[in-house]
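Participant: Questions regarding the structure given below will be posed in turn.
Protein chains: 2
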Amino acid sequence: MSKTLKEMEVLRQHLAKHQLKLTRQRELILTAFLRQEHVTAETMYHQLAKKDPHLGLATIYRTLNLFCEAGIAQARHFGTQTQYDNISHKGHHDHLICTGCGTIVEFENCEIERLQEEVATKNGFVIQTHRLELYGLCARCRH
Amino acid sequence: MSKTLKEMEVLRQHLAKHQLKLTRQRELILTAFLRQEHVTAETMYHQLAKKDPHLGLATIYRTLNLFCEAGIAQARHFGTQTQYDNISHKGHHDHLICTGCGTIVEFENCEIERLQEEVATKNGFVIQTHRLELYGLCARCRH
DNA sequence: TTGAAATTGATAAGCTATCTCAAGATGATA
DNA sequence: TATCATCTTGAGATAGCTTATCAATTTCAA
Chain Y
68 MSKTLKEMEV
78 LRQHLAKHQL
88 KLTRQRELIL
98 TAFLRQEHVT
108 AETMYHQLAK
118 KDPHLGLATI
128 YRTLNLFCEA
138 GIAQARHFGT
148 QTQYDNISHK
158 GHHDHLICTG
168 CGTIVEFENC
178 EIERLQEEVA
188 TKNGFVIQTH
198 RLELYGLCAR
208 CRH
Chain V
68 MSKTLKEMEV
78 LRQHLAKHQL
88 KLTRQRELIL
98 TAFLRQEHVT
108 AETMYHQLAK
118 KDPHLGLATI
128 YRTLNLFCEA
138 GIAQARHFGT
148 QTQYDNISHK
158 GHHDHLICTG
168 CGTIVEFENC
178 EIERLQEEVA
188 TKNGFVIQTH
198 RLELYGLCAR
208 CRH
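Respectively, the protein sequence lines represent chains Y and V. For the first sequence, the working numbering assigns the number 68 to the initial residue and increments by one for each residue that follows. For the second sequence, the working numbering assigns the number 68 to the initial residue and increments by one for each residue that follows.
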């Protein structure tokens, strides 16, 4: 089973559970979404304009938000825009962001996650989600 | 030397270095800003309307951004709004945010910071700053 | 005190994201 | 596979937050 098919199945189940429908647009957007790591609604809008000139920006937003609810994507406020990340095929991931060239490197660190749980518990919180972003200069930009 | 005076001095030096001027508005906004942990421009606008009914919203935004450049404040995009945090009198701090009531609890964890450095180094990055936000439900909101 | 330069206030403009609603598509059911 | 209640879409309007504009005012070095 290909990756795309797997996620299509996740979407299908989410739709079924909430009495929503699988549309041509949702399939199109999901397929394109899975081909990249980080996108904004605007980016996808321009990308998909070639395949479907009538696809509306509102539909892109609605669909990406739907993906978030289905657990396929995660929204992240970066600067003034919202980026949508693909999280279906891997666990939660955090980001290293180069302030020089904008490169984004993903990472996962169980130890950090464990310490986060510890801090939360100590303060009476139960964590639902989190966001960790490290900003700095990558090797290339330091030279 | 009081806390406020210390930060006023930080501002003064930043202004001098960049050929900017110390105005009545900047003093007023700094004083009010230092009295709280987290504010939005809108919040300060309403708070200060009592003291100076003609203080413009644009001035608040400009001034808070100035504080960021001076190292007194740090901007944080939370939902659709930008929150400005006072960071001059303490080290960097992270946040526990209740998704139920919006309460924000600050924390610091050296061990997490150390692991962040480790991750960055492993990827060839040198960290300039970071942002860690844990979202969840506080004790009260779980009941 | 003077005057070049920075700042302010008020409002317009810009951006991103969501809402509205008529027209169209979907899919459970018979 | 035909029906039809329900969901979705597209296009533009709208909302919410932040920045840009610019004439009038204030600051501060000389």
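We put the beta carbon where it would ideally sit given N, CA and C, even for glycine. Please read these numbers as outputs of a predicted model, since none were measured by experiment.
I'd like the ranges of any alpha helix (DSSP H) spanning at least 4 consecutive residues and lying wholly in the segment 170-200 of chain Y.
Facilitator: If one requires a minimum length of 4 residues, the alpha helix (DSSP H) runs lying completely within the segment 170-200 of chain Y are 177-189, in chain order.
Participant: Go through its chain and collect everything with a Cβ distance to H144/V's Cβ below 7 angstroms, but skip five positions before and after it.
Facilitator: If we look at H144/V and ignore the five residues flanking it on each side, it has no Cβ neighbours.
Participant: So, is the C-beta of T188/Y closer than 8 angstroms to a C-beta in chain V?
Facilitator: no
Participant: Would you say L163/V and N176/Y are within 8 angstroms of each other, going by their C-beta atoms?
Facilitator: no
Participant: Using a threshold of 8 angstroms, state whether the C-beta atoms of C205/V and F174/Y are closer than that.
Facilitator: no
Participant: Excluding five sequence neighbours on each side, which residues of the same chain lie with their C-beta closer than 6 angstroms to the C-beta of M68/V?
Facilitator: At M68/V, the pLDDT of 49 sits below 50, so the modelled position is not reliable; the number obtained from the coordinates is stated separately. Result list for M68/V: empty, nothing under 6 angstroms.
Participant: Can you tell me which of the three DSSP states L87/V falls into?
Facilitator: Note: L87/V maps to coil in three-state DSSP.
Participant: Report whether the distance from the Cβ of E178/V to the nearest heavy atom of the ligand MG is below 7 angstroms.
Facilitator: The model depicted lacks the ligand MG and carries no ligand whatsoever.
Participant: If you follow the beta strand (DSSP E) that I164/Y is in, where does it begin and where does it stop?
Facilitator: Start and end: D161 to C165.
Participant: According to DSSP, is A140/V part of a helix, a strand, or is it coil?
Facilitator: strand
Participant: Would you tell me roughly how many angstroms separate the C-alpha atoms of D213/Y and H113/V, rounded to the nearest one?
Facilitator: Coverage of chain Y is limited to positions 68 through 210, which leaves residue 213/Y absent and any answer about it impossible.
Participant: Going by Cα to Cα distance, which pick from G138/Y, L101/Y, I96/Y and D119/Y is closest to Y128/Y?
Facilitator: Considering only G138/Y, L101/Y, I96/Y and D119/Y, the residue with the shortest C-alpha distance to Y128/Y is I96/Y.
Participant: Would you call E76/Y buried or exposed, if buried means 16 or more other Cβ atoms sit within 10 Å of its Cβ?
Facilitator: exposed
Participant: Closer than 9 angstroms, Cβ to Cβ, to anything on chain V: give me those residues from the segment 187-208 of chain Y, in chain order.
Facilitator: A187, K189, N190, G191, F192, V193, I194, Q195, T196, H197, R198, L199, E200, L201, Y202, G203, L204, C205, A206 and R207
Participant: Please list, in chain order, all residues of the same chain as Y202/Y whose beta carbon is under 7 angstroms from its beta carbon, the five residues on each side excluded.
Facilitator: I164 and T166
Participant: The alpha helix (DSSP H) that contains V114/V, what's its start and end?
Facilitator: A quick correction: the sequence has Gln, not Val, at residue 114/V. Membership of Q114/V in the alpha helix (DSSP H) is indicated by the continuous run A108 to L115.
Participant: When you compare the CB of H210/Y with every CB in chain V, is at least one pair closer than 8 angstroms?
Facilitator: no
Participant: Please tell me whether E178/Y has its Cβ less than 8 angstroms away from any Cβ of chain V.
Facilitator: yes
Participant: Where Q195/V and C208/V are concerned, what is the direct C-alpha to C-alpha distance, given to the nearest angstrom?
Facilitator: 35 angstroms
Participant: Using a Cβ cut-off of 7 angstroms, pull out every chain Y residue sitting near H144/V, in sequence order please.
Facilitator: At a beta-carbon threshold of 7 angstroms, the residues of chain Y lying near H144/V are H144, ordered along the chain.
Participant: Hey, is L182/V's beta-carbon within less than 8 angstroms of any beta-carbon in chain Y?
Facilitator: yes
Participant: For L78/V versus I154/V, is the C-beta distance shorter than 8 angstroms?
Facilitator: No, the pair does not count as a contact, with Cβ atoms beyond the cut-off.
Participant: When the distance is taken between beta carbons, is L199/Y closer than 8 angstroms to D161/Y?
Facilitator: yes
Participant: Check whether the Cβ of V172/Y lies closer than 8 angstroms to any Cβ atom in chain V.
Facilitator: yes
Participant: Could you compute how far the alpha carbon of V186/V sits from the alpha carbon of A187/Y?
Facilitator: 22 angstroms
Participant: Could you check the C-alpha separation between E94/V and Q103/V for me, to the nearest Å?
Facilitator: 15 angstroms
Participant: So, with DSSP's three-state summary, where would you put L204/V?
Facilitator: strand
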